[in-house]
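First comes the structure, then the notes that go with it.
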Amino acid sequence: MIYLVIGLMILFALFAVVLHDVLMSVLSLAVVSTLLSILFFQLGAPVAGVLELSVGAGLITVLIVLTISFIQERREQGRKPKAVWVVFSVIISAALAYILYMLAPRASSVALLPARWSEVGEILWKTRSFDLFPQALVVLSAAFGILALLRSGKGEEK
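Each residue of the sequence shown is one higher than the one before, starting from 0 at the first, in numbering that gives the first Met the number 0.
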């Protein structure tokens with residue numbers, strides 16, 4: 000299940016880069032953030048998963064969509080990404096992944112044991128508890144910023 004979530008994260012991250020529509024790219028990044036929070040839950044870091052879901056998938060997506068709606072310019076660029084560059088980057092990425100796999104086969108085989116995934120959650124969250132307060136401050140300041148933007152927008156309409 001973990002590998003499926005990681006694969007979907009990579010797929011939607013590629014969609015965010017390749018798509019021409021900015022709004023669709025933002026939604027793809029929201030899906031990546033949601034999948035990352037699911038991964039945090041699977042690795043045993045539920046608080047990190049909740050914060051990623053609220054900040055990454057919720058707050059950042061709302062801020063970017065709000066910014067797009069304020070700007071209201073939806074012009075497409077004339078340049079289209081060439082398929083050659085996409086194929087070239089996939090081939091280079093696959094070659095680098097293969098080289099890294101061949102250089103450290105013992106390290107990857109030890110890390111892939113099923114009993115070790117629970118320890119990843121402990122490392123991700125229990126040793127990183129110091130950043131809980133700054134993340135909460137970011138959420139609160141963004142919420143107050145959105146409220147201030149919405150109130151100032153209503154005052155200009157009158």
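From the three backbone atoms N, C-alpha and C, an ideal C-beta is built for every residue, glycine too.
(request) Assess, as a yes-or-no matter, whether the region 51-58 is touched by the region 29-43 under the definition of 3 or more beta carbon pairs within less than 8 Å. (result) Touching, yes, given that three or more Cβ pairs across the two stretches are closer than 8 Å.
(message) Please report the distance separating the alpha-carbon of PHE39 from that of ALA47.
(response) Straight-line spacing of the CA atoms in PHE39 and ALA47 works out to 6 Å.
(request) Between the Cα of VAL137 and those of ALA29, ILE1 and LEU62, spot the shortest distance and give me the residue it belongs to. (result) The candidate whose alpha carbon is nearest that of VAL137 is LEU62.
(message) Using only the alpha-carbon positions, how far apart do SER24 and ALA147 sit?
(response) When rounded, the distance between both Cα atoms is 26 Å.
(request) Take VAL4 as the anchor and find which of LEU26, VAL30, THR60 and LEU95 has the nearest alpha-carbon. (result) Nearest of LEU26, VAL30, THR60 and LEU95 to VAL4, Cα basis: VAL30.
(request) Return the CA-CA distance between VAL64 and LEU22, expressed in angstroms with no decimal places. (result) Cα-Cα distance, rounded: 7 Å.
(message) One question on the structure: do ALA158 and SER27 come within less than 8 Å of each other, judged by their Cβ atoms?
(response) What is shown of the chain runs 0 to 157, which leaves residue 158 out entirely.
(request) Since I believe GLN41 is in contact with ILE98 (beta carbons under 8 Å), could you give me their beta-carbon distance rounded to a whole number of angstroms? (result) About 28 Å; that fails the 8 Å criterion.
(message) Looking at the secondary structure, which residues open and close the alpha helix (DSSP H) in which MET0 lies?
(response) Run containing MET0: none; DSSP gives neither H nor E here.
(request) Assign LEU50 to buried or exposed, taking buried as 16 or more other Cβ atoms, counted over all protein chains shown, within 10 Å of its Cβ. (result) With 16 or more other Cβ atoms within 10 Å, it is buried.
(message) I need the straight-line Cα distance from ALA94 to ALA12, nearest angstrom please.
(response) Computed Cα separation, rounded: 19 Å.
(request) Helix, strand or coil for ALA44, going by three-state DSSP, please let me know. (result) Note: ALA44 maps to coil in three-state DSSP.
(message) For LEU65, report the span of its alpha helix (DSSP H) as first-last.
(response) Where LEU65 is concerned, the enclosing alpha helix (DSSP H) stretches over 59-70.
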